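In our numbering, the protein residues as written are 472 to 752.
Glycine is no exception: its CB is placed at the ideal position from the N, C-alpha and C atoms.
Everything numeric in this text was worked out from a predicted model, so none of it was measured.
Below you'll find the structure, written out as structure tokens, and then a few comments.
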């Protein structure tokens, strides 16, 4: 029986069937309207969410998991004699990590482990899933934490967006970077550097996006055929499936997980985003 609960947040974009199979507790990150933060829009389906953004009907915004929410979660786990291992969205993208640290401090306990994964979307999801699999196997909290820190450190995030406007609006990239990407009328390819979003290069034409993402994966991945590869998308299933087939063909990969990008990440990446996640060691 596992004695560890993997605590994450709703930015992890793991499919529900994966969450329900393992000792994973997902804490919600609020998603609301930018001009009316009191209006919760989490009741929208993902299709409705992205359609509403495309039509300009909503401008969503997100906020961190709060200290009280973490405190209640930690107390519940400890009362069940389980160790909460927190694996949340990169601290470069949210204040949730600081909230978790403060919650632990307020409870004055050593029975909580908090790791800054520096990951997002299904990149975070794959980290959470690996930790949960180890917990289900009965591995101890320190053993899991040590392996997961290494795993998270080497998780590549390679992604493309339809427009850099959403990342600029959310402060994830500079206005200059967004302007240059839009001015050239090209598809941007971005990646994570130490948990933060950085433009990697611009690719001309949708047709070349998959080709370039595969080339980057070939340069950076190690033994991809033995990995679980992640692909997430913001209502762009066609491109996600095209990328999946290219990954299978190029690398002989058998295990690929595909998921939608949920509202937490989608509020900042926008509709049409497609992301690829793999290990670089």
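- Taken atom to atom, the span from the alpha-carbon of residue 517 to that of residue 731 is near 8 Å.
- Here residue 720 carries a helix assignment [DSSP, helix/strand/coil].
- Residue pairing by DSSP places residue 605 in no beta bridge whatsoever.
- In the DSSP assignment, residue 627 forms a beta bridge with 749.
- Membership of residue 509 in the beta strand (DSSP E) is indicated by the continuous run 507-511.
- In this structure, the CA atom of residue 683 is about 17 Å from the CA atom of residue 695.
- Ranked by Cα distance from residue 701, the options 672, 474 and 483 are led by 483.
- Measuring C-alpha to C-alpha distances from residue 556 to each of 564, 519, 477 and 740 identifies 477 as the nearest.
- Burial state of residue 491 is exposed, judged by a 10 Å Cβ sphere holding fewer than 16 other Cβ atoms.
- Shown here for residue 588: same chain residues with a beta carbon closer than 6 Å to its own, the five before and five after excluded, namely 558, 595, 598 and 623 in chain order.
- DSSP places residue 635 outside both helix and strand once states are collapsed to three, so it counts as coil.
- From the listed residues 488, 670 and 522, the smallest Cα separation to residue 729 is found for 488.
- Residue 523 sits in a helix when the DSSP states are folded into three classes.
- In this structure the segment 603-610 does not lie against the segment 501-520, because fewer than three pairs of beta carbons, one per stretch, are closer than 8 Å.
- Setting aside the 5 residues that flank it on each side, residue 627 is surrounded in the same chain by 691, 749 and 751, each with a C-beta closer than 6 Å to its C-beta; the list follows chain order.
- Counted as a single uninterrupted DSSP element, the beta strand (DSSP E) harbouring residue 728 occupies residues 726-731.
- For residue 736, there is no enclosing beta strand (DSSP E); the enclosing alpha helix (DSSP H) covers residues 734-740.
- Residue 613 is classed as exposed because its beta carbon has fewer than 16 other beta carbons within 10 Å across all chains shown.
- With fewer than three CB-CB distances shorter than 8 Å, the segment 712-723 does not count as touching the segment 559-573.
- Per the C-alpha coordinates, the member of 678, 572 and 548 positioned closest to residue 537 is 572.
- Nearest neighbour of residue 693 by Cα position, chosen from 723, 669, 534 and 512, turns out to be 723.
- Sequence-distant Cβ neighbours of residue 665 in its own chain, meaning closer than 8 Å and more than five residues away, are 563 and 589.
- When DSSP reads this structure, residue 696 sits in no beta bridge, so it has no partner.
- Taking all protein chains in view, the Cβ of residue 511 is surrounded by fewer than 16 other Cβ atoms within 10 Å, so the residue is classified as exposed.
- Ranked by Cα distance from residue 585, the first of 600, 592, 593 and 561 is 561.
- The straight-line gap separating the alpha-carbon atoms of residue 687 and residue 747 is approximately 10 Å.
- Less than 8 Å separates the beta-carbon of residue 671 from that of residue 660.
- Per DSSP, the continuous beta strand (DSSP E) segment holding residue 478 begins and ends at 475-480.
- Residue 673 is bridged by DSSP to 659.
- DSSP, reduced to helix, strand and coil, places residue 561 outside both helices and strands of the structure shown, so it counts as coil.
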